[in-house]
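The listed protein sequences correspond, in order, to chains A and B.
Per the numbering used here, the very first residue in the first sequence carries number 4; after that it's consecutive.
Per the numbering used here, the very first residue in the second sequence carries number 42; after that it's consecutive.
Here the structure comes first, spelled out in structure tokens, and everything after it is commentary.
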Amino acid sequence: MARKHREIGKAGWGYTAIASVIGLIYFFPVLWIILTAFKTRTDALAVPPKLFFTPTLDNFVSVFYRTSITTGTAQATDMGLYFFNSIFIAFTSVGLALIVGTLAAYAFSRYPLKGNDTYLFIILTTRMMPPIVVIIPIFLMFRLSGLAGSYWGIILLYTAFNIPFSVWLVKSFFDELNPEIEDAARMDGATERRVFFNFCIPQILAGLSATFVFGLILTWNEFLFALLLTGVETRTVPVAMARTLGGEVGVDYGLLAAIVTLFLIPIFFVTFLLQNQLLRGVTFGTVKK
Amino acid sequence: MTIELQKLTKRFGSLTAVDTIDLDVGDGEVLCLLGPSGCGKTTTLRMVAGLEAATEGNVMLGGKRVNELAPRERNVAMSFQFYALYPSLSVAENLAYPLYAEKLSGAEIEKRVGQVAKTLQLESVLKRTPSQLAEGEKQRVAVGRSIIRDPQCFLFDEPLSRLDVQLREEMRGEIKEVLQDLSRPTVIVTHDQLEALTMADRIAVMRAGRIEQVDTPHNVFQTPSNLFVAGFIGTPQMNLIPATLTGSSGDGLADFAFEGDQTLKIKVDPAVSQLAPGAKVTLGIRPRNLEISTEPTQDSLSTKIDMVEPMGAETLAHMHDGYHDLRLVTDWRVPLSEGDQMHTRFPPDTTHIFTEDEQVLRSAR
Chain A
4 MARKHREIGK AGWGYTAIAS VIGLIYFFPV LWIILTAFKT RTDALAVPPK LFFTPTLDNF
64 VSVFYRTSIT TGTAQATDMG LYFFNSIFIA FTSVGLALIV GTLAAYAFSR YPLKGNDTYL
124 FIILTTRMMP PIVVIIPIFL MFRLSGLAGS YWGIILLYTA FNIPFSVWLV KSFFDELNPE
184 IEDAARMDGA TERRVFFNFC IPQILAGLSA TFVFGLILTW NEFLFALLLT GVETRTVPVA
244 MARTLGGEVG VDYGLLAAIV TLFLIPIFFV TFLLQNQLLR GVTFGTVKK
Chain B
42 MTIELQKLTK RFGSLTAVDT IDLDVGDGEV LCLLGPSGCG KTTTLRMVAG LEAATEGNVM
102 LGGKRVNELA PRERNVAMSF QFYALYPSLS VAENLAYPLY AEKLSGAEIE KRVGQVAKTL
162 QLESVLKRTP SQLAEGEKQR VAVGRSIIRD PQCFLFDEPL SRLDVQLREE MRGEIKEVLQ
222 DLSRPTVIVT HDQLEALTMA DRIAVMRAGR IEQVDTPHNV FQTPSNLFVA GFIGTPQMNL
282 IPATLTGSSG DGLADFAFEG DQTLKIKVDP AVSQLAPGAK VTLGIRPRNL EISTEPTQDS
342 LSTKIDMVEP MGAETLAHMH DGYHDLRLVT DWRVPLSEGD QMHTRFPPDT THIFTEDEQV
402 LRSAR
């Protein structure tokens with residue numbers, strides 16, 4: 004009897020079911036927090052947890068407008084500003100890191116210096132220690148230089164944190180390219196600038212997207228430096244979220260869940276926009292063309 | 042238009058990739074740089090292109106020194122081993138790209154793309170991207186991209202190495218035809234001697250950064266100037282057997298002794314007779330020039346067949362005389378079988394004799 008082989012590209016129902024269950028387990032916490040955002044305070048704290056309830060948008064309203072317990076009047080919160088801060092700071096610093104990192108990666112890949120690997124290693128060492136090690140000196144430096152509490156300060160810091168990662172990742176994408184294509188462009192009359200912008204960059208767009216999203220997620224979630232180095236005006240969402248924990252009425256789970264849900268959206272949106280590129284980016288180089 | 046290389050040298054650190062080579066390629070001439078991998082042939086080509094800077098020496102294009110010019114300023118067309126097609130552009134855009142730099146009008150560009158596409162039978166695939174092409178089509182686009190301009194010279198780096206045997210033969214003819222119409226100096230780098238022998242007007246055989254011999258395909262094959270060229274050109278490889286010159290007589294005959302005490306007496310050039318008896322030499326003879334004799338003669342070795350390989354029209358026999366391996370190729374009708382004892386003749390006019398320092402003393406005519 005010939006053994007029956009499963010056709011490639013066709014998973015059976017069994018495999019699909021197993022994958023779905025695993026996926027559900029992974030996604031459950033996210034689902035739970037999103038559901039909580041639509042629950043009233045009573046529903047949120049109900050035991051056993053309610054799966055069916057009357058959804059409310061009150062939590063989302065109170066993210067931006069809070070009724071003071073003492074005076075009873077609605078007051079605008081600063082959450083809008085904090086969301087703007089998070090988006091502005093993360094996108095700017097990751098974008099800057101990507102630009103600097105791409106230029107550096109191209110140089111490291113195409114015009115290696117004497118001791119190229121040593122330089123690359125030195126760049127990597129900045130990511131080897133836990134950030135908390137340097138937080139006190141950086142805090143003092145920021146205080147002295149007046150960078151503490153400013154947009155520039157935190158953007159510069161995040162840019163610096165993202166550069167090593169960008170250089171390494173983007174360099175690996177450049178290394179994968181066939182240098183003959185660049186040589187051919189040179190022969191066909193292209194200047195070095197054209198070679199870089201018209202031939203190298205378009206070939207690694209997927210890789211650049213992946214690098215951008217990875218950096219964005221890291222920066223988006225960063226809490227420690229944001230806590231110490233941002234001021235009232237430049238506070239980011241993770242810090243603001245932590246501050247709601249010790250509010251006047253204890254932990255407001257509904258409010259927290261609403262902030263988290265809103266906090267998810269920008270990243271989800273970017274990832275969704277770049278999903279095709281991203282998939283190619285993370286599998287880049289794993290399969291030889 | 043000519044290409045002229047003067048004492049061209051390229052060093053990478055302590056490694057000398059190309060060692061003071063001199064080479065001329067005339068207008069309309071096709072020169073093949075042939076050699077084993079790592080012999081510096083691609084580096085030489087890249088120096089002509091301007092993709093690699095020369096350490097010493099001059100690259101002259103049309104009588105002008107171009108060492109300091111960037112590739113785009115040299116007006117040289119080059120096609121690459123892996124085709125180097127621009128992945129995000131269509132075939133038509135790939136073909137047109139070199140023309141953008143020349144600032145031609147859109148209509149002119151379209152006209153030229155049409156012409157080249159017609160010459161190379163690419164008209165039906167102009168809208169596709171390189172990833173949708175077959176190997177042979179990619180190859181043709183690469184060639185098309187280099188011939189679409191009117192450059193000073195053409196450079197081809199291993200143009201056929203990625204094609205399968207049948208396609209290779211077809212493309213060899215096509216490229217040769219295209220090149221004949223272009224009448225510009227052309228340099229082709231290859232490690233495939235058949236490619237070089239069929240396509241080149243002249244062949245430059247390279248080894249370890251040096252040019253060993255530059256001559257027509259016929260001469261490189263028939264009168265190799267040294268042991269390396271003799272062994273490198275020709276399949277199956279030339280038989281090269283170390284021997285000792287034991288004496289020569291006034292009538293132009295010389296005696297050679299081999300390991301195992303067999304001897305050979307053949308007619309040689311006066312240059313050979315001038316060597317002192319006892320000189321170490323190497324006898325070279327192509328497998329197709331060896332002759333089979335039933336009787337022992339003064340110019341034959343007694344040999345035994347180890348293995349017989351039928352090759353269609355011919356048969357290749359691996360033989361030995363107890364100390365040396367010999368290859369013999371003969372007509373398929375000659376009955377040969379494993380274990381046969383026979384006498385193998387070295388006809389004087391096809392036997393090459395090389396000195397101890399590997400230079401040829403006498404070649405077949």
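Cβ atoms here follow ideal geometry from the backbone N, Cα and C, with glycine treated the same way.
Because the structure is a prediction, the values reported are computed rather than measured.
Counting only beta-carbon separations shorter than 8 Å, does residue i have a partner in chain B?
i: A/Gly118; result: no
i: A/Asn181; result: yes
i: A/Lys291; result: With a pLDDT of only 43 at A/Lys291, under the threshold of 50, the placement of this residue in the model should not be trusted; the figure read from the coordinates follows. False, the Cβ-Cβ gap to chain B never drops below 8 Å.
i: A/Pro115; result: no
i: A/Met4; result: A caution first: A/Met4 carries a pLDDT of 46, below 50, which makes its placement in the model unreliable, though a value can still be read off. False, the Cβ-Cβ gap to chain B never drops below 8 Å.
i: A/Phe202; result: yes
i: A/Gly218; result: no
i: A/Pro205; result: yes
i: A/Ala163; result: no
i: A/Arg283; result: no
Taking buried to mean at least 16 other C-beta atoms within 10 Å of its own C-beta, is residue i buried or exposed?
i: A/Ala3; result: An answer regarding residue 3 of chain A cannot be provided, because it is not within the stretch 4 to 292 covered by chain A.
i: B/Met88; result: buried
i: A/Arg238; result: buried
i: A/Trp155; result: exposed
i: B/Thr257; result: exposed
i: A/Tyr68; result: exposed
i: A/Trp16; result: exposed
i: A/Asn279; result: exposed
i: B/Leu174; result: buried
i: A/Ala20; result: exposed
i: A/Ala22; result: exposed
i: A/Gly26; result: exposed
i: A/Asp178; result: exposed
i: B/Ile229; result: buried
At least one CB of chain A closer than 8 Å to the CB of residue i: is that the case?
i: B/Tyr138; result: yes
i: B/Phe123; result: yes
i: B/Pro226; result: no
i: B/Arg153; result: no
i: B/Met119; result: yes
i: B/Pro461; result: Because chain B in this structure spans residues 42 to 406, residue 461 of chain B falls outside the shown range and cannot be described.
i: B/Leu92; result: yes
i: B/Val59; result: no
i: B/Pro200; result: no
i: B/Pro171; result: no
i: B/Ile44; result: no
i: B/Ala95; result: no
i: B/Arg52; result: no
i: B/Tyr283; result: The sequence as given places Pro at residue 283 of chain B; Tyr does not occur at that position. So no, B/Pro283 is outside the interface.
If you check the beta carbons only, do residue i and residue j fall under 8 Å apart?
i: B/Phe387; j: B/Leu324; result: yes
i: B/Gly319; j: B/Leu286; result: yes
i: A/Thr247; j: A/Leu258; result: yes
i: B/Leu342; j: B/Leu369; result: no
i: B/Val66; j: B/Thr43; result: yes
i: B/Val219; j: B/Val182; result: no
i: B/Ala312; j: B/His393; result: no
i: A/Ala265; j: A/Val66; result: Residue identity differs from the one stated: residue 265 of chain A is Leu in this sequence, not Ala. The answer is yes: Cβ separation under 8 Å.
i: B/Ala158; j: B/Ile150; result: no
i: B/Val100; j: B/Leu49; result: yes
i: B/Glu236; j: B/Leu204; result: no
i: B/Pro408; j: B/Leu357; result: Only positions 42 to 406 of chain B appear in this structure, which leaves residue 408 of chain B out of reach.
i: B/Arg209; j: B/Pro139; result: no
i: B/Leu102; j: B/Ala245; result: no
Please look up how many angstroms separate the CB atoms of residue i and residue j, rounded, as I've assumed it's under 8 Å.
i: B/Thr344; j: B/Asp372; result: B/Thr344 to B/Asp372, Cβ: 18 Å. No contact.
i: A/Asn62; j: A/Ala243; result: Incorrect: roughly 15 Å between the Cβ atoms, too far for contact.
i: B/Ser131; j: B/Leu167; result: 7 Å
i: B/Val401; j: B/Pro265; result: 6 Å
i: B/Lys82; j: B/Met240; result: Their Cβ separation, rounded to whole angstroms, is 15 Å, which puts B/Lys82 and B/Met240 out of contact at 8 Å.
i: A/Ser175; j: A/Leu281; result: Not confirmed; about 16 Å, so no contact.
Is the region 27-40 of chain A in contact with the region 209-228 of chain A, if contact means three or more CB pairs nearer than 8 Å? no
Count the CB pairs spanning the region 214-223 of chain A and the region 274-281 of chain A that are closer than 8 Å, and state whether there are at least three. Pairwise C-beta distances place the region 214-223 of chain A in contact with the region 274-281 of chain A, as three or more of them are shorter than 8 Å.
Check whether the region 49-62 of chain B touches the region 109-124 of chain B, counting contact only when three or more Cβ pairs, one atom from each stretch, lie closer than 8 Å. no
Could you tell me whether the region 51-69 of chain A touches the region 199-214 of chain A, where touching means 3 or more Cβ pairs closer than 8 Å? no
Three or more C-beta pairs closer than 8 Å, one from the region 101-108 of chain A and one from the region 167-175 of chain A: is that the case here? yes
Cβ contact check for the region 84-104 of chain A and the region 156-165 of chain A: 3 or more pairs under 8 Å: yes
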